[in-house]
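Residue numbers (the working numbering), protein chains in the order written: chain A, 153 to 504; chain U, 82 to 396.
Here's the structure we're looking at; comments come further down.
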């Protein structure tokens, strides 16, 4: 088992290296120096305390969506609906933040809780359809993504329209924001917010649920073999719904971390890329909570450094998205790497 | 009422056609047993490659540039879909992850390249496709006004492809083999069908069709590349399911969805439609697809082996 886990991490690392190589080739193709590009990319993410804060703030929603995807994966479910769950959570949190004038100690927890519930609800639908009607969760989550997209598209201009633009909501007040003055000051004006601590807490809680509780054991059993689990008396249908709800709740919190933490309003017509990046985070983190954490911070670094890189060189910021996308592809095709790896090992053994 | 329908109809058709061709692509891929949720990305690839082609050619030959663009888009889509085919067929990768990767790679790399060319990442074309009224046929009462007035040539191209697709899938040996690979690849293999080859061809067809779909968006109603097709690829997947994986079903489903979206888009200009909340029209395709999935959960027409890699050693 331990061997197995090591191999997963090695494969993840190889996928990252290949992704970075692909990024380098892309930079070279467009006449840029990749070493310089990566230098500015990393510097842009880390060169000051403020930028470190921004990296962590960018990573925060990714930690949540990565956890969401990883948690569902452990139960044998593919939650491709993290983007929609994020939107649902973000819309709910923003709506609560804009509708009430309560003090921060009440308003902020209510908004976060609202995001959690909305996300869980958005995850419940695919979970229920899967357990009751055997509808594939990938298809239903995709539908739920676009239902969320169009809901935001019409609800925001209808009820929470900003003063100048039709395409985004009003800005939430300080009382509804996850940003707090002492933290912003500590990181000299960065975007970092309480969401990061929530995310760390979520990592700990999810690791605890998966490794130390009966629920986690049952969920994993269903993930390994649904029929065997049922034979052992585990109600797999119930576990599927619970797993999707927890997964959705995590993505919903990611929505809160993004829309009332990193940003302070919600825009229409945007499917949050963090939902799909979450799949990459989860694959890279080998579906383990702490693996997800570090993978998310790595992707956060790529995203937060890209602006600086773009300012210093001619490389467009989309290079970060290209690298992440290629990493997913290489993670999906890791069997190829695995085959080469095994062949190499055999060859080395033969050489001895 | 009639006049409004006549007015809206060309827009609805224009919106339906890219959806139809993309969903048809998905049909080929899924009927051969490979789930392709990368249609969205493949559309973006087609949109991008046709935009680049047309921008560079339209100075010399404005008329033909559009057609060259469509051709290039189909080829680019087919080539790009090889990534998906290789992952799913040779490497037995998770088809959903691979499809997601296709979507993300397409979205990121095309904008990356476009920014290197134009700076803003948007590419505008000057000459799109021209709407034409077909002589004689447009004089037929009722349908002449609806179907043969102010049409794009691409509409007829796509409808021809639809008929051809139906013929190939149901009336040829190749089509039978392709469907067999999606239902029971082991049985197809033991009957001497090269499952891998058929699936490769099917995925490439889906790439070519989706690429064409993206290009049609460009030359008919959008006129610019901005790095996204705003979920049309996923709407095509919904239409594929709603149409129960059959060519004529897909035609009905895409038209139904296309009409609903068009009404939502024009509802501000047409008072009659303003009473229907846009949100309902826009989420309706997805909700109805969920309902259809539930209703047909016992007797689903989905290809049985869709989503499962074919492993020769497994019987």
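Glycine is no exception: its CB is placed at the ideal position from the N, C-alpha and C atoms.
Query, Result
"Beta-ladder partner(s) of residue 313(A), from DSSP", "321(A)"
"Contact list for the segment 164 to 177 of chain A against chain U, Cβ threshold 8 Å", "none"
"Where residue 193(U) meets chain A, residues with beta-carbon distance less than 7 Å", "178, 468, 470, 471 and 474"
"Meets three-Cβ-pair contact criterion under 8 Å: the segment 133 to 140 of chain U and the segment 202 to 213 of chain U", "yes"
"Sub-8 Å separation of residue 348(A) and residue 208(A) beta-carbons", "yes"
"CB contact below 8 Å: residue 484(A) versus chain U", "yes"
"Min CB distance residue 312(U) to chain A below 8 Å", "yes"
"Cβ shell of residue 392(U) (< 7 Å), same chain only, five flanking positions each side left out", "173"
"Alpha helix (DSSP H) segment containing residue 415(A), residue limits", "Counting along the chain, residue 415(A) falls outside any alpha helix (DSSP H), and DSSP gives it neither H nor E."
"Residue 324(A) beta carbon less than 8 Å from that of residue 505(A)", "Outside the displayed range of chain A (153 to 504) lies residue 505(A), so it cannot be described from this structure."
"Beta-carbon proximity of residue 396(A) to residue 276(A), cut-off 8 Å", "yes"
"For residue 500(A) and residue 296(A), the rounded distance between their alpha carbons", "50 Å"
"Buried versus exposed call for residue 217(U) [16 or more other C-beta atoms within 10 Å across all chains shown]", "exposed"
"Local conformation of residue 232(U) per DSSP, three classes", "strand"
"CB contact check: residue 140(A) to chain U, cutoff 8 Å", "With chain A running from 153 to 504 in the structure shown, residue 140(A) is simply not present."
"Coil, strand or helix - residue 278(U) by DSSP", "helix"
"Counted within 10 angstroms of its Cβ, other Cβ atoms place residue 164(A) as buried (16 or more) or exposed", "buried"
"Contact set for residue 238(A): own chain, Cβ-Cβ below 6 Å, skip 5 residues either direction", "403, 406, 407, 424 and 427"
"Straight-line Cα distance separating residue 468(A) from residue 176(A)", "13 Å"
"Three-state secondary structure (DSSP) of residue 205(U)", "strand"
"Where residue 511(A) falls, given that 16 or more other Cβ within 10 Å makes a residue buried", "Given a span of 153 to 504 for chain A in the structure shown, any question on residue 511(A) remains unanswerable."
"Rounded Cβ spacing between residue 413(A) and residue 331(A) (contact assumed at less than 8 Å)", "7 Å"
"Best match in 231(A), 256(A), 388(A) and 321(A) for proximity to residue 284(A) [C-alpha to C-alpha]", "388(A)"
"Residue of 191(U), 339(U) and 362(U) minimising C-alpha distance to residue 93(U)", "339(U)"
"Three-state class that DSSP yields for residue 326(A) in the structure shown", "helix"
"8 Å Cβ cutoff, residue 396(A) in contact with chain U", "no"
"Residue 126(U) beta carbon less than 8 Å from that of residue 308(U)", "no"
"Which listed residue (440(A), 185(A), 314(A) and 320(A)) has its alpha carbon closest to that of residue 461(A)", "185(A)"
"Test item: CB-CB of residue 242(A) and residue 267(A) under 8 Å", "yes"
"Test: residue 363(U) CB closer than 8 Å to a CB of chain A", "yes"
"Residue 244(A) - containing alpha helix (DSSP H), residue span", "234 to 251"
"Chain U contacts from the segment 267 to 291 of chain A (Cβ-Cβ distance under 7 Å)", "281, 285, 286, 287, 290 and 291"
"Beta-carbon neighbours of residue 306(A), restricted to chain U and to distances below 8 Å", "358, 359, 360 and 363"
"Chain-ordered neighbours of residue 177(U) on chain A, where CB pairs are closer than 7 Å", "230, 232 and 290"
"Exposure label - residue 222(U); buried when at least 16 CB within 10 Å", "exposed"
"Sub-8 Å separation of residue 287(U) and residue 130(U) beta-carbons", "no"
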